[in-house]
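The next block holds one structure in the form of structure tokens; read it before the comments.
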Amino acid sequence: MTCQRLAAVGRFSASLAHEIRNPLATIGGFAKQLLDLKDPAKAQRNLKIIVSEIEKLEDVLNNLLEFSSFPAAKKHEFLLREFFDEIVEVFSIRMEKRKAVLRVDVPPDLVLSADKAQMGEVMRNLITNSLDSLSSSGVVTVKAWREDADVIIEVSDNGTGFPPEQQKKVFEPFFTTKSHGTGLGLTIVKKLYREEPRRQYRHRLAHRGRNNRETVSSRRENA
Amino acid sequence: MKKTILLIEDEESQRILYQEEIEKHGYAVMTAADGHEGIEVIEKHPIDLAILDIRMPKMDGLETLGKLLSSRTNLPVIIYTAYSHYKTDFMSWAADSYLVKSSDLSELTRKIKELLGD
Numbered sequence: 009m010t011c012q013r014l015a016a017v018g019r020f021s022a023s024l025a026h027e028i029r030n031p032l033a034t035i036g037g038f039a040k041q042l043l044d045l046k047d048p049a050k051a052q053r054n055l056k057i058i059v060s061e062i063e064k065l066e067d068v069l070n071n072l073l074e075f076s077s078f079p080a081a082k083k084h085e086f087l088l089r090e091f092f093d094e095i096v097e098v099f100s101i102r103m104e105k106r107k108a109v110l111r112v113d114v115p116p117d118l119v120l121s122a123d124k125a126q127m128g129e130v131m132r133n134l135i136t137n138s139l140d141s142l143s144s145s146g147v148v149t150v151k152a153w154r155e156d157a158d159v160i161i162e163v164s165d166n167g168t169g170f171p172p173e174q175q176k177k178v179f180e181p182f183f184t185t186k187s188h189g190t191g192l193g194l195t196i197v198k199k200l201y202r203e204e205p206r207r208q209y210r211h212r213l214a215h216r217g218r219n220n221r222e223t224v225s226s227r228r229e230n231a
Numbered sequence: 214m215k216k217t218i219l220l221i222e223d224e225e226s227q228r229i230l231y232q233e234e235i236e237k238h239g240y241a242v243m244t245a246a247d248g249h250e251g252i253e254v255i256e257k258h259p260i261d262l263a264i265l266d267i268r269m270p271k272m273d274g275l276e277t278l279g280k281l282l283s284s285r286t287n288l289p290v291i292i293y294t295a296y297s298h299y300k301t302d303f304m305s306w307a308a309d310s311y312l313v314k315s316s317d318l319s320e321l322t323r324k325i326k327e328l329l330g331d
């Protein structure tokens with residue numbers, strides 16, 4: 009067991025170093041170019057790339073913090089549609105950069121009782137995974153609806169999906185199929201959903217060429 | 214005629230950065246976003262040196278390195294990665310140089326010139 013833990017720590021350290029070094033080297037490189045740039049359009053481009061790389065570093069940090077400590081959920085009721093309007097705003101630059109579309113199909117009066125920050129973290133990870141799986145011009149769709157006492161939220165995409173041999177591993181910490189990423193996203197999603205006995209996390213992963221769906225459901229407290 | 218460098222790197226922002234820096238030193242740069250693309254380029258164009266990332270989708274850098282060298286045995290290759298630990302992987306020893314990515318690109322351009330005898 010000690011050997012397995014040490015191996016996991018080793019994988020984690022290497023992955024973390026990679027995830028920090030890559031954006032840092034990019035930020036530093038483009039910032040140094042800025043010192044001598046006379047062309048305002050190119051300077052603007054450099055600044056956009058720097059901002060985007062800083063966001064990647066923030067994502068790494070958020071994942072680490074979420075993974076290492078899960079504060080007790082602070083629930084309150086909120087309108088899901090307004091919540092997803094904020095999410096769309098957060099993802100707008102990334103979507104534009106990737107020429108992808110984030111579609112939201114959520115009734116305006118659908119109310120969810122949950123910890124908004126934790127739900128935000130879950131959605132950020134699922135939508136990021138979907139976005140990363142897309143080739144150009146892909147679509148990520150978020151749907152939500154009520155099913156008896158449950159609120160179902162489904163994130164789907166028309167990206168590459170997971171091959172069958174990888175499907176068992178997707179929740180393991182530090183497992184990733186991407187060329188970047190800490191491999192903690194789905195681990196965090198599952199862990200956040202396990203914290204709450206009345207919540208369920210169901211996942212359906214499909215082969216390349218089929219729609220990929222991630223589904224979470226939240227039961228209202230007063231149900 | 215300018216010498217041509219093939220840059221195989223999956224991160225678009227890094228491709229832009231390295232391409233611009235290398236071009237400043239008088240080289241032509243062709244880019245590929247993954248190992249498969251890189252191999253296609255090397256089969257169709259006269260490349261003088263290749264720069265290779267390790268962690269890439271579809272085919273990782275070490276597998277790509279093997280395929281590049283089997284089609285062009287004497288091609289100088291620089292592995293340019295954010296990982297330091299692959300340096301101990303014997304597969305990486307087939308490259309002429311192993312550099313860890315940094316915001317200081319002078320080490321990369323210095324190594325390119327050294328390997329190309331410029």
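Residue numbers (this note's numbering), protein chains in the order written: chain A, 9 to 231; chain B, 214 to 331.
The C-beta atom is built at its ideal place from N, Cα and C for all residues, glycine as well.
Predicted model only: the values in this text are computed from it and were never measured.
| Asked | Found |
| --- | --- |
| Would you say I218 of chain B and D261 of chain B are within 8 Å of each other, going by their C-beta atoms? | yes |
| Return the chain-ordered list of same chain residues with a C-beta closer than 7 Å to the C-beta of L230 of chain B, the five sequence neighbours on each side being excluded. | none |
| For T35 of chain A and I221 of chain B, what's the separation of their Cα atoms in angstroms? | Reading the sequence as shown, one finds Ile at residue 35 of chain A and not Thr. Near 19 Å, if we compare the C-alpha coordinates of I221 of chain B and I35 of chain A. |
| Should the segment 235-249 of chain B be called in touch with the segment 268-287 of chain B, which here means at least 3 C-beta pairs below 8 Å? | yes |
| For a contact defined as C-beta to C-beta under 9 Å, what are the partners of Q227 of chain B on chain A? | N30, A33, T34, G37 |
| Is N30 of chain A near L42 of chain A, with beta carbons less than 8 Å apart? | no |
| Considering only C-alpha positions, which residue in the set A:F20, A:L65, A:L45 is nearest to A33 of chain A? | A:L65 |
| Quick check on A49 of chain A: buried or exposed, where buried means 16 or more other Cβ atoms within 10 Å of its Cβ? | exposed |
| Would the beta-carbon of Y299 of chain B fall within 8 Å of that of D266 of chain B? | no |
| I'd like to know whether the C-beta of E63 of chain A is nearer than 8 Å to at least one C-beta of chain B. | no |
| Would you verify that the beta carbon of H26 of chain A is, or is not, closer than 8 Å to some beta carbon of chain B? | yes |
| Going along the chain, which residues of its own chain have a beta-carbon closer than 8 Å to the beta-carbon of S297 of chain B, five neighbours each way excluded? | V313 |
| If you count every other CB in all the chains shown that lies within 10 Å of the CB of K324 of chain B, and 16 or more means buried, which is it? | buried |
| Spatial neighbours of R111 of chain A within its chain, please: C-beta separation below 8 Å, excluding the five flanking residues on both sides. | V147, V148, T149, V150 |
| What are the boundary residues of the alpha helix (DSSP H) that includes Y296 of chain B? | Careful: Y296 of chain B lies outside any alpha helix (DSSP H) and carries neither H nor E. |
| Looking at chain A, which residues of the segment 301-320 of chain B have a Cβ within less than 9 Å of any of its Cβ atoms? | V313, K314, S315, S316, D317, L318 |
| Quick one: Cα of L321 of chain B to Cα of V119 of chain A, how far? | 55 Å |
| Taking H298 of chain B as the query, report the chain A residues whose CB atoms sit under 8 Å from its CB, ordered along the chain. | A22 |
| Near V242 of chain B, which residues of its chain fall below 7 Å by C-beta distance, leaving aside the five closest residues on each side in sequence? | I218, L220, Q232, I235, E236 |
| Out of A:I58, A:G18, A:K46, A:H84, which one is the CA nearest neighbour of E225 of chain B? | A:I58 |
| With a threshold of 7 Å on Cβ separation, who are the neighbours of K215 of chain B within its own chain once the five nearest residues in sequence on each side are excluded? | G239, Y240, A241 |
| Alpha carbon to alpha carbon, how far is Q52 of chain A from A39 of chain A? | 11 Å |
| Considering Cα atoms alone, identify which of A:S141, A:E173, A:P116 is closest to R154 of chain A. | A:P116 |
| For K40 of chain A, go through chain B and note every residue whose CB falls closer than 9 Å to its CB, in chain order. | S316, D317, L318 |
| How would you call H84 of chain A, buried or exposed, if buried means at least 16 neighbouring beta carbons within 10 angstroms? | exposed |
| Could you check which residue in A:M103, A:A152, A:N137 has the C-alpha nearest to that of T195 of chain A? | A:N137 |
| May I ask you to report which of helix, strand or coil DSSP gives A263 of chain B? | strand |
| Does any residue of chain B bring its CB to less than 8 Å from the CB of R207 of chain A? | For R207 of chain A, the predicted model reports a pLDDT of 47, less than 50, meaning its position is unreliable; a value from the coordinates is still stated below. Not closer than 8 Å to any Cβ of chain B, the Cβ of R207 of chain A fails to qualify, so no. |
| Helix, strand or coil: which one does DSSP assign to M269 of chain B? | coil |
| Which residues in chain A sit within 7 Å of L278 of chain B, going by Cβ to Cβ distance? | The premise fails here: L278 of chain B is roughly 16 Å from chain A at the closest Cβ pair, so nothing lies under 7 Å. |
| If you drop the 5 nearest sequence neighbours on each side, which residues of the same chain put their C-beta closer than 7 Å to that of M269 of chain B? | D223, D247, G248 |
| If the criterion is Cβ atoms closer than 8 Å, does the pair T265 of chain A and S145 of chain A meet it? | No information on residue 265 of chain A is available, as it lies outside the stretch 9 to 231 that chain A covers here. |
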